[in-house]
Each structure stands twice: as structure tokens, then as C-alpha cells.
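Engineer: Mind looking over this structure? Questions follow.
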Amino acid sequence: MKKITLLCSALCVMSLNAQNEDSSNVANDTISPWTTKGNASFLFNQSTFDNWLAGGENNISGNAGLNYDFNYKKGDWSWDNKFIASYGIVKTKTSSFAKKTDDRMEVNSVLGKKVTERWYYSAFLNFKTQFTKGYVYSKDENGAEIRDEYTNFLSPGYLLVDPGMMYKKDDNFKFNLSPATSKFTFVDKNFTLPEEAYFGVEEGKSMRYELGFNASAYYKLDIIANVTFENIVNLYSNYLEDPQNVDLDYQLNIVMKINRYLTTNLSFQTVYDDNAYKGFQLRQVFGVAANYGF
Numbered sequence: 099m100k101k102i103t104l105l106c107s108a109l110c111v112m113s114l115n116a117q118n119e120d121s122s123n124v125a126n127d128t129i130s131p132w133t134t135k136g137n138a139s140f141l142f143n144q145s146t147f148d149n150w151l152a153g154g155e156n157n158i159s160g161n162a163g164l165n166y167d168f169n170y171k172k173g174d175w176s177w178d179n180k181f182i183a184s185y186g187i188v189k190t191k192t193s194s195f196a197k198k199t200d201d202r203m204e205v206n207s208v209l210g211k212k213v214t215e216r217w218y219y220s221a222f223l224n225f226k227t228q229f230t231k232g233y234v235y236s237k238d239e240n241g242a243e244i245r246d247e248y249t250n251f252l253s254p255g256y257l258l259v260d261p262g263m264m265y266k267k268d269d270n271f272k273f274n275l276s277p278a279t280s281k282f283t284f285v286d287k288n289f290t291l292p293e294e295a296y297f298g299v300e301e302g303k304s305m306r307y308e309l310g311f312n313a314s315a316y317y318k319l320d321i322i323a324n325v326t327f328e329n330i331v332n333l334y335s336n337y338l339e340d341p342q343n344v345d346l347d348y349q350l351n352i353v354m355k356i357n358r359y360l361t362t363n364l365s366f367q368t369v370y371d372d373n374a375y376k377g378f379q380l381r382q383v384f385g386v387a388a389n390y391g392f
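This is the structure we're talking about:
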């Protein structure tokens with residue numbers, strides 16, 4: 099009887115261990131290597147003036163934005179992806195046209211194979227363009243406002259691809275270095291100008307190719323409670339032409355959380371690319387936004 103009791107006890111222990119192992123395996127199997135995180139925001143502004151002696155112009159404006167991350171991590175492999183999009187317009191009473199206040203689409207993707215604890219072999223891709231037509235505004239001989247189309251979707255469009263090395267501390271701090279980056283600039287050939295004055299593309303051509311060195315970095319930090327700074331920077335030097343003229347694209351996104359659905363957002367971006375414009379381009383959007391996180 100004693101032997102039977104011991105045998106039954108042993109079988110029960112084995113059964114419990116097996117169940118625990120099965121539960122552990124099921125839990126491990128259900129852990130996805132993918133992590134996703136995103137935020138959609140909308141800013142709206144409207145001003146009306148009637149017999150306002152201090153002056154002012156009736157206007158209405160809105161800006162929508164999306165910032166979405168989808169990352170993969172399993173074993174020695176990682177694949178980090180970020181999609182950024184924003185679009186805004188403003189219409190004033192005295193203007194004949196609604197005008198853009200923001201228009202951009204950007205994709206960053208880095209595939210990495212771990213070499214050491216924080217260094218990876220990497221393959222990097224960056225793509226940038228805009229959604230809708232861009233115009234140069236002027237006035238005709240009668241003083242009426244007119245506009246001429248200057249840019250459009252994929253005109254310009256930028257694509258950078260390269261192998262390199264990535265340092266990754268965590269999802270909030272990483273940088274990628276590549277000494278052999280191919281850069282493609284796509285345009286509508288009907289917009290091109292003499293002396294490569296249209297984004298560096300030859301007149302009558304639809305693409306410009308460059309080979310150079312690229313460095314990109316991402317750093318996100320919480321300054322104080324509910325205040326987040328996101329920094330994104332890309333540097334590029336073209337070996338084939340004027341390597342001393344380094345292209346710069348720096349973005350700063352500041353989010354100050356008010357509550358679950360409201361934030362104060364500041365987006366600042368500066369671009370230097372002497373093929374597009376011989377000087378710094380600046381973009382800044384500030385306002386209180388309704389947000390939806392997912």
C-alpha cells in the first residue's frame with residue numbers, strides 16, 4: 099500500500115511538472131517578436147475678426163499627423179521601422195487658395211544582425227516625399243494672387259539604401275553608420291531646369307544618383323514627467339560631387355502630455371541640401387492636439 103501511495107504521488111508530481119512546462123511553452127509561443135506603437139494627432143485653429151481695430155485676418159487651419167513604430171526582435175535579429183506622416187492646410191479670407199502648412203511622408207527601416215551586445219551589421223533604408231502638389235505664389239499684373247506648380251508626390255522623392263553598422267542601446271537610442279550609401283533623387287522630368295537647378299537633377303532627366311557616407315541617429319528621452327523629446331538626424335556626404343557639402347536633416351518632436359487625449363505638440367525640422375536650396379529650410383508646427391495612441 100505504501101508503494102502504491104508513493105507511486106501515485108510521483109505520478110502526480112510528474113503530471114504537475116508536465117503541465118507547468120506545457121503552460122510555459124504555450125506562454126513562450128504566444129509572445130510575438132513584433133512590437134508596435136503609434137500616435138495619431140490632429141491640430142485645429144480658427145480665428146475670426148469683425149471690426150477689430152487692432153487688425154487681424156479670418157483664417158481656419160488644421161494639421162493631422164501620424165507617428166508609428168513597428169519593430170521586430172528575435173534572437174540575434176532586429177528590424178526597426180518608423181513611419182512618419184503629416185499634412186496641414188490654412189485658408190485665410192484674403193487668399194485665393196488654401197495653402198499647405200505641412201506635407202511630408204517618411205519611412206525609416208533598419209535591419210540588424212547582432213555582432214556584440216550592442217553592435218549590429220545593418221541594412222538601412224530611408225524614403226521621403228510629399229503627398230500633394232506644392233506651389234510658388236506670386237501676383238499677376240492686376241495684383242491678383244496666382245500660383246505655379248513646383249513640386250508633387252515623388253517630385254522630389256528621396257531614397258537612401260546602404261549596408262553598415264548599427265549601435266543600439268535600446269529602442270530609444272541608436273545610430274547607424276554607412277560608408278557606402280546610394281542616394282536616389284526622383285523628380286518629374288517636366289519640372290527640371292537648366293544647370294541642375296531642380297533638386298540637382300539634369301534637365302530632362304527623372305533621377306539623380308549619388309554615392310556617399312551616411313550617418314543617422316535616433317534619440318528619445320523623457321525630460322520631465324509627461325514631456326518627451328524625440329530627435330531624428332540624418333547626415334549625408336556625396337563622394338561624387340562636393341563631399342564637403344554635407345546634407346543635413348534634423349527633426350525634433352516635443353510632446354507635452356495634458357491628459358490621455360490632449361497634448362501640446364511642437365514639431366521642428368531643419369534641412370540643408372544645396373541641390374534643393376542653398377541655405378537652411380525650416381519647418382515648425384506648434385499647437386494643442388487631440389491624440390489617439392495605439
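Heads up: the sequence shown is residues 99 to 392, going by our numbering.
All C-beta atoms, glycine included, are put in the ideal place defined by N, C-alpha and C.
All values derive from a computational prediction rather than experimental measurement.
#1: Starting from the Cα of residue 246, find the closest Cα among 163, 214, 259 and 197 and give me that residue.
#2: In chain order, what residues of the same chain lie with their CB nearer than 6 Å to the CB of residue 223, ignoring the 5 residues before and after it?
#3: Report yes or no: do three or more beta-carbon pairs, one from the segment 275-282 and one from the segment 232-239, lie closer than 8 Å?
#4: With a CB to CB cut of under 8 Å and the five nearest residues on each side skipped, what residues in its chain are close to residue 286?
#5: Using beta-carbon positions only, say whether residue 277 and residue 221 come within less than 8 Å of one another.
#6: Using the rule of at least 16 other Cβ atoms within 10 Å of the residue's Cβ for burial, across every protein chain shown, is residue 392 buried or exposed?
#7: Exposed or buried, residue 213, counting other C-beta atoms within 10 Å across all chains shown (16 or more means buried)?
#8: Label residue 125 either buried or exposed according to how many other C-beta atoms from any shown protein chain fall within 10 Å of its C-beta, with 16 as the threshold for buried.
#9: Grab the span of the beta strand (DSSP E) containing residue 196 for me, first residue to last.
#10: Of all the options 181, 191, 199 and 135, which has the alpha carbon lying nearest to the alpha carbon of residue 161?
#11: Express the C-alpha separation of residue 353 and residue 360 in angstroms, rounding to a whole number.
#12: Hey, out of 351, 310 and 348, whose CA is closest to residue 340's CA?
#13: Name the DSSP beta bridge partners of residue 272, please?
#14: Where DSSP assigns a beta bridge to residue 167, which residues make up the other side?
#15: By Cβ distance, which residues of its chain are closer than 7 Å to residue 172, with the 5 residues on each side in sequence left out?
#16: Going along the chain, which residues of its own chain have a beta-carbon closer than 6 Å to the beta-carbon of residue 166, five neighbours each way excluded?
#17: Under three-state DSSP, which class holds residue 292?
#18: Helix, strand or coil: how does DSSP classify residue 287 here?
#19: Hey, residue 324 and residue 138: beta-carbon distance below 8 Å or not?
#20: With the cut-off set at 8 Å, would you say residue 312 and residue 334 are in Cβ contact?
#21: Which residue marks the beginning of the beta strand (DSSP E) containing residue 302, and which one marks its end?
#22: Residues in its own chain within less than 8 Å of residue 96 by CB, not counting five upstream and five downstream?
#23: Count the other C-beta atoms from every protein chain shown that fall within 10 angstroms of the C-beta of residue 176, then say buried if there are 16 or more, exposed otherwise.
#24: Could you give the distance in angstroms between the alpha-carbon of residue 308 and the alpha-carbon of residue 372?
#25: For residue 365, which residues in the same chain have their Cβ closer than 6 Å to its Cβ, ignoring the five residues on either side in sequence?
#26: Is residue 261 helix, strand or coil by DSSP?
#27: As a quick exercise: from 219, 159, 155 and 346, pick the residue whose alpha carbon is nearest that of residue 379.
Structural biologist: Reading off the structure:
#1: When C-alpha distances from residue 246 are compared across 163, 214, 259 and 197, the shortest belongs to 197.
#2: In the same chain as residue 223, and ignoring 5 residues on each side of it, the C-beta atoms closer than 6 Å to its own belong to 207 and 259, in chain order.
#3: Two segments are said to touch when three or more pairs of C-beta atoms, one from each, lie closer than 8 Å; by this definition the segment 275-282 does not touch the segment 232-239.
#4: Cβ within range, chain order: 250, 252, 253 and 304.
#5: Not closer than 8 Å, so no.
#6: Exposed.
#7: Its Cβ having fewer than 16 others within 10 Å, residue 213 is exposed.
#8: For residue 125, the predicted structure reports a pLDDT of 42, less than 50, and the residue's modelled location is therefore unreliable. A value from the coordinates is still provided. Under this definition residue 125 is an exposed residue.
#9: Here residue 196 belongs to no beta strand (DSSP E), and DSSP marks it neither H nor E.
#10: The residue with the shortest Cα to Cα distance from residue 161 is 199.
#11: The straight-line gap from Cα to Cα measures roughly 10 Å.
#12: For residue 340, the closest alpha carbon among the candidates 351, 310 and 348 is that of 310.
#13: Residue 272 is bridged to 266 and 316.
#14: According to DSSP, residue 167 bridges with 135 and 180.
#15: Only residues of its own chain outside the window of five on either side were considered, and among them 131 have a CB closer than 7 Å to the CB of residue 172, listed in chain order.
#16: The beta carbon of residue 166 sits closer than 6 Å to the beta carbons of 136 and 181 from its chain, once the five residues preceding and following it are set aside; these are given in chain order.
#17: For residue 292, the secondary structure class from DSSP, reduced to helix, strand or coil, is helix.
#18: Of the three classes helix, strand and coil, the one that applies to residue 287 here is helix, per DSSP.
#19: No, the pair does not count as a contact, with Cβ atoms beyond the cut-off.
#20: Contact: yes.
#21: The continuous stretches of beta strand (DSSP E) do not include residue 302, and DSSP gives it neither H nor E.
#22: What the structure shows of the chain is the stretch from 99 to 392, and residue 96 is not part of that stretch, so it cannot be assessed.
#23: So residue 176 counts as buried.
#24: Straight across, the Cα-Cα distance linking residue 308 with residue 372 is about 14 Å.
#25: Cβ neighbours of residue 365 beyond the five flanking positions: 351 and 383.
#26: Looking at residue 261 - three-state DSSP - the assignment turns out to be strand.
#27: When 219, 159, 155 and 346 are compared, the shortest CA-CA separation from residue 379 is found for 346.
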